[in-house]
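Heads up: the structure comes next, in structure tokens.
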Amino acid sequence: MQYVFKSHTLLQLNSHVIRLRREQSIGKVLVVTVSKDLKKNVKILRAQIAHHNELYHGQDNPEISDAAFDELLRKLKEIEAKYPELIEESSPSQIIGSGFTTFDPVTHRVPMTSLDNAMDGKELQAWGERLVKGLGNVGMQFVCELKIDGLALSIRYENGVLVQAATRGDGKVGEDVTANILTISVVPKKLVSKSGKKIPSVLEVRGEVYMSIAAFEKLRVTKQIENEKRISDGKKPETVPANPRNAGAGSLRQKNPAITATRDLSFWAYQLGEAVGAPNFLSHSETFDYLRDLGFPINPEAKTVSSLTHVVEYVAKCEVNRHKLDYEIDGVVVKLDDLAQREQLGFTARAPRWAIAVKFAPEERNTILKNISVSIGRT
Numbered sequence: 001m002q003y004v005f006k007s008h009t010l011l012q013l014n015s016h017v018i019r020l021r022r023e024q025s026i027g028k029v030l031v032v033t034v035s036k037d038l039k040k041n042v043k044i045l046r047a048q049i050a051h052h053n054e055l056y057h058g059q060d061n062p063e064i065s066d067a068a069f070d071e072l073l074r075k076l077k078e079i080e081a082k083y084p085e086l087i088e089e090s091s092p093s094q095i096i097g098s099g100f101t102t103f104d105p106v107t108h109r110v111p112m113t114s115l116d117n118a119m120d121g122k123e124l125q126a127w128g129e130r131l132v133k134g135l136g137n138v139g140m141q142f143v144c145e146l147k148i149d150g151l152a153l154s155i156r157y158e159n160g161v162l163v164q165a166a167t168r169g170d171g172k173v174g175e176d177v178t179a180n181i182l183t184i185s186v187v188p189k190k191l192v193s194k195s196g197k198k199i200p201s202v203l204e205v206r207g208e209v210y211m212s213i214a215a216f217e218k219l220r221v222t223k224q225i226e227n228e229k230r231i232s233d234g235k236k237p238e239t240v241p242a243n244p245r246n247a248g249a250g251s252l253r254q255k256n257p258a259i260t261a262t263r264d265l266s267f268w269a270y271q272l273g274e275a276v277g278a279p280n281f282l283s284h285s286e287t288f289d290y291l292r293d294l295g296f297p298i299n300p301e302a303k304t305v306s307s308l309t310h311v312v313e314y315v316a317k318c319e320v321n322r323h324k325l326d327y328e329i330d331g332v333v334v335k336l337d338d339l340a341q342r343e344q345l346g347f348t349a350r351a352p353r354w355a356i357a358v359k360f361a362p363e364e365r366n367t368i369l370k371n372i373s374v375s376i377g378r379t
């Protein structure tokens, strides 16, 4: 299999590479060696993943599609699973996001972990089997949420007042974007319970900042008009965002909050982080009710179901209807609803065992070739 990158680097992981681990029995002793070629190829693969990770998370300017990136990461995980002696703490399979920052760093008191992916029904079923292995044959409920194509965020409230907002970053340390979050109208600046509940002394709310398709189209038109003027003035045109995800992430990470305020950013809350003085919740569904009570927007498409069969039905329906939404999604996040069951399962090095992101199949689109310019060079 070959992967071609924009940088024209070609990485080959052919059958001869996959066979590079040699095993031979000497009596009852199994000698396992990993060839230098395999180590070299894994090093190259990690470098490519780190490069594209940086472009996506750090610079909001990806060169390859999400599907292509997922396939690279999947290949690395497959090799590391087969040859665990190659796993390193610094491997992209063990860390989250990017270390790139232009804002003040913020250490997350509760880490913002990533999610493992399921690319098809078979992998979703395998996840379900791991749940049964970890919990036993017990009843399970699942909360299905749309996987919004935006930027993960943690918003911290102390005594009900918004005091800090930070991006996920590498999961442990993010960027302080408090001034910019204050410009997003749907984000509560002060917590007030509609039902009169006591406000916690500390509450961290995790969610996704995104740009709607309507806001994105408006921004593109504005940028194109501005560029026409810049060109007429003899200036270099600015880059026009390629998609809502890039536009949203770039808008949130503006040094000037006044620019962020003009970008019509939106926010969906989906989880709690650190909580001091909050109610003792038994389920994820209860936290949704609590967040709604405090005035946070919760995606109305979220649904609680009682089996993986219903999860598959939900995913299929969402994939068919994804283009009816005014925001982009690239899959469905599935989480165990029972918080005690989550506690029992715990985490891997980078992701919870009790949740998984079911990714949609990559979209295929037709491109119309309007013109070909032919130039004749000297020979």
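Per my numbering, the sequence shown starts with residue 1, numbered consecutively. Ideal Cβ positions, reconstructed from N, Cα and C, are used throughout, including at glycine.
Starting from residue 357, follow the beta strand (DSSP E) in both directions and report where the run begins and ends. Residue 357 -> beta strand (DSSP E) spans 355-359.
Under the rule that 16 or more other beta-carbon atoms within 10 Å means buried, what is residue 361, buried or exposed? Under this definition residue 361 is an exposed residue.
Please specify which runs of the beta strand (DSSP E), each continuous and at least 3 residues long, are wholly inside the stretch 93-171, giving them in chain order. Taken in chain order, the complete beta strand (DSSP E) segments of 3 or more residues contained in the stretch 93-171 are 105-107, 142-148, 151-158 and 161-167.
Taking only the alpha-carbon atoms, compute the straight-line gap between residue 101 and residue 166 and give it to the nearest angstrom. Note that residue 101 scores 43 on pLDDT, short of 50, meaning its location in the model is unreliable; the coordinates nonetheless yield the value given after this. Computed Cα separation, rounded: 12 Å.
Between the beta-carbon of residue 294 and the beta-carbon of residue 162, is there less than 7 Å? At the C-beta level, residue 294 and residue 162 stay beyond 7 Å of one another.
What does a CB cutoff of less than 6 Å around residue 272 pick up in its chain, not counting 5 residues either side in sequence? Cβ within range, chain order: 287.
Using three-state DSSP, classify residue 187 as helix, strand or coil. Coil at residue 187, not helix or strand.
Reducing DSSP to helix, strand and coil, say where residue 21 ends up. Caution is warranted here: a pLDDT of 38 is assigned to residue 21, below 50, making its placement in the model unreliable, and no coordinate value can be reported.
Reduced DSSP secondary structure (H/G/I, E/B, other) of residue 382: Here the chain comprises residues numbered 1 to 379, so residue 382 is not present and cannot be evaluated.
Which one of 281, 310 and 240 has the shortest CA to CA distance from residue 216? If we check each option's Cα against that of residue 216, 240 comes out closest.
Buried or exposed: which applies to residue 234, given that a residue is buried once 16 or more other Cβ atoms fall within 10 Å of its Cβ? With fewer than 16 neighbouring CB atoms inside 10 Å of its own CB, residue 234 falls in the exposed class.
Could you name the residues of the same chain whose beta carbon sits closer than 7 Å to that of residue 146, not counting the 5 residues immediately before and after it, in chain order? Only 299, 301, 318, 329 and 332 meet the Cβ criterion.
Residue 329 - partner residues in DSSP beta bridges: Its beta-bridge partners are 148.
Is residue 182 helix, strand or coil when you go by DSSP? Correct three-state label for residue 182: coil.
From the DSSP secondary-structure annotation, give me the bridge partner or partners of residue 394. Any answer about residue 394 is impossible in this case: the structure gives the chain only from 1 up to 379.
Ignore the nearest five residues each way along the sequence and tell me which others in residue 359's own chain have a CB closer than 6 Å to its CB. Around residue 359: 117, 119 and 331.
So, residue 248 versus residue 290, is the Cβ gap smaller than 7 Å? The beta carbons of residue 248 and residue 290 sit no closer together than 7 Å.
With DSSP as the reference, please indicate the residues paired to residue 275 in a beta bridge. Residue 275 is bridged by DSSP to 203.
Can you tell me the Cα-Cα spacing of residue 246 and residue 114, whole angstroms? Put simply, the backbone Cα of residue 246 is about 19 Å away from that of residue 114.
Of the choices 325, 160, 171 and 225, whose alpha-carbon is the least far from that of residue 349? The shortest Cα separation from residue 349 among 325, 160, 171 and 225 belongs to 171.
Helix, strand or coil at residue 286 according to DSSP, with G and I counted as helix: It is helical.
I need the DSSP call for residue 244, collapsed to helix, strand or coil. Of the three classes helix, strand and coil, the one that applies to residue 244 here is helix, per DSSP.
In angstroms with no decimal places, state the Cα-to-Cα distance between residue 22 and residue 79. Here residue 22 scores only 37 on pLDDT, less than 50, and its place in the model should not be relied on; the value that follows carries that caveat. Each residue's alpha carbon lies about 14 Å from the other.
Bridge partner(s) assigned by DSSP for residue 269: In the DSSP output, where bridge partners are listed per residue, residue 269 has 207.
Would you call the stretch 249-266 in contact with the stretch 193-212, where contact means no fewer than 3 C-beta pairs closer than 8 Å? Yes, the stretch 249-266 touches the stretch 193-212.
Hey, could you find the ends of the alpha helix (DSSP H) residue 226 is sitting in? That run of the alpha helix (DSSP H) goes 213-232.
Under the three-state reduction of DSSP, which class applies to residue 338: helix, strand or coil? When secondary structure is reduced to three states using DSSP, residue 338 falls in the strand class.
What does the alpha-carbon distance come out to for the pair residue 199 and residue 269? Between the alpha carbons of residue 199 and residue 269 lies a gap of roughly 17 Å.
Do residue 154 and residue 204 have their CB atoms nearer than 7 Å? It is a contact, given that the beta carbons lie within the stated cut-off.
Name, in chain order, the residues that DSSP records as bridge partners for residue 347. Looking at the DSSP output, residue 347 shares a beta bridge with 352.
Could you check if residue 392 is buried or exposed, using at least 16 other CB atoms within 10 Å of its CB as the buried criterion? The structure shown has nothing for residue 392, since the chain only spans 1 to 379.
Between the C-alpha atoms of residue 343 and residue 337, what's the straight-line distance to the nearest angstrom? For residue 343 and residue 337, the distance between alpha carbons rounds to 11 Å.
Kindly list the residues whose CB is nearer than 7 Å to the CB of residue 179, restricted to its own chain and excluding five residues on each side of it in sequence; keep chain order. Here the set comprises 257.
In angstroms, rounded to a whole number, what distance separates the CA positions of residue 35 and residue 123? Cα to Cα, the separation comes out at about 30 Å.
Please classify residue 142 as buried or exposed, where buried requires at least 16 other C-beta atoms within 10 Å of its C-beta. A buried status is given to residue 142, since no fewer than 16 other beta-carbon atoms sit within 10 Å of its beta-carbon.
Under three-state DSSP, which class holds residue 82? Note: residue 82 maps to helix in three-state DSSP.
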